[in-house]
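Peer 1: Numbering (the numbering used here), first residue to last: 777 to 1020.
1) Would you call the CB atoms of residue 947 and residue 906 closer than 9 angstroms?
2) What do you get for residue 875, buried or exposed, if any count of 16 or more other CB atoms within 10 angstroms of its CB means buried?
3) Just reading off the beta strand (DSSP E) that residue 859 is part of, what are its end residues?
4) When we look at the beta-carbon of residue 812 and count the other beta-carbons within 10 Å, is it buried (16 or more) or exposed?
5) Alpha carbon to alpha carbon, how far is residue 805 from residue 990?
6) Can you check which of these residues, 868, 972 and 884, is closest to residue 929 by C-alpha distance?
7) Taking only three categories from DSSP, how would you classify residue 847?
8) Could you round the C-beta distance between residue 899 and residue 923 to whole angstroms and report it? I think they count as a contact, below 8 angstroms.
9) If you drop the 5 nearest sequence neighbours on each side, which residues of the same chain put their C-beta closer than 8 angstroms to that of residue 879?
10) Beta-carbon separation of residue 823 and residue 854 under 9 angstroms?
11) Let me know if residue 848 comes out buried or exposed under the rule of 16 or more other beta-carbons within 10 Å of its beta-carbon.
12) For a test of the three-state rule: what should DSSP assign to residue 881, helix, strand or coil?
13) Around the C-beta of residue 884, are 16 or more other C-beta atoms found within 10 angstroms, so that it is buried, or is it exposed?
14) State the Cα-Cα distance for the pair residue 915 and residue 969, rounded to the nearest angstrom.
15) Using C-beta distances below 8 angstroms, list every residue in its chain close to residue 1017, excluding the 5 sequence neighbours before and after it, in chain order.
16) On the CB-based measure, 16 or more other CB atoms within 10 Å of its CB, does residue 913 come out buried or exposed?
17) What does the Cβ neighbour count give for residue 1001, buried or exposed, with the cut at 16 atoms within 10 Å?
18) Throw me the rounded Cβ distance for the residue 889 and residue 826 pair, which I believe falls under 8 angstroms.
19) Who are the Cβ neighbours of residue 920 in its own chain at under 8 angstroms, not counting the five residues just before and after it?
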């Protein structure tokens, strides 16, 4: 049942993308590529080692594999570790879940300055339960088969392993009440865990720009290169600068 709904959702996304094909082509022109001649040598982010954990939006599924991560590594000299795979979820025990991919990153005696985690847009499509915030702080108490349980597991894992800030970023999504509920639940976790949130989903200016310039988004979720340059990268850079 989940697989059938997923295929239907992907077909709908594909049809929307085909209707928008010329805008996607224009939004993915080489002009918008990350450029080394735009490098900021004196930025606070220079040399920071950051893990970027996520799915298609962290990967750059509609922009030839280029996402905000490449802008950060090329133009801000971030030492990025991009752990992104399209179609994956926070929740679940599959080998490519966020939790299991994070656990495979085995850096020994390496200082990690931050972990940036995408609030997945896929969990609802795969019909994983959102779940509830636990009263516990113990890793073994978190149900990774719910989205909130997986988030709490990831937070605890990062804090114990690397003792660095963990930053969640939300994504542009249109008419997705399940994702809106998940964003609200994420904000409730902020006080418990002292996490940081880059809330793109609720940013009115970014959403206005995304709607007004059709070249910035391939569909209702996935940016083009132009979208990454002008929508995602500026707010992520600004807030990472403040956090780190």
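Ideal placement from N, C-alpha and C gives every residue a C-beta, glycine not left out.
Peer 2: The short version:
1) no
2) buried
3) 855-860
4) exposed
5) 14 angstroms
6) 868
7) helix
8) 5 angstroms
9) 933
10) yes
11) buried
12) coil
13) exposed
14) 13 angstroms
15) 819, 820 and 821
16) exposed
17) buried
18) 6 angstroms
19) 867, 868, 869, 873, 875, 926 and 929
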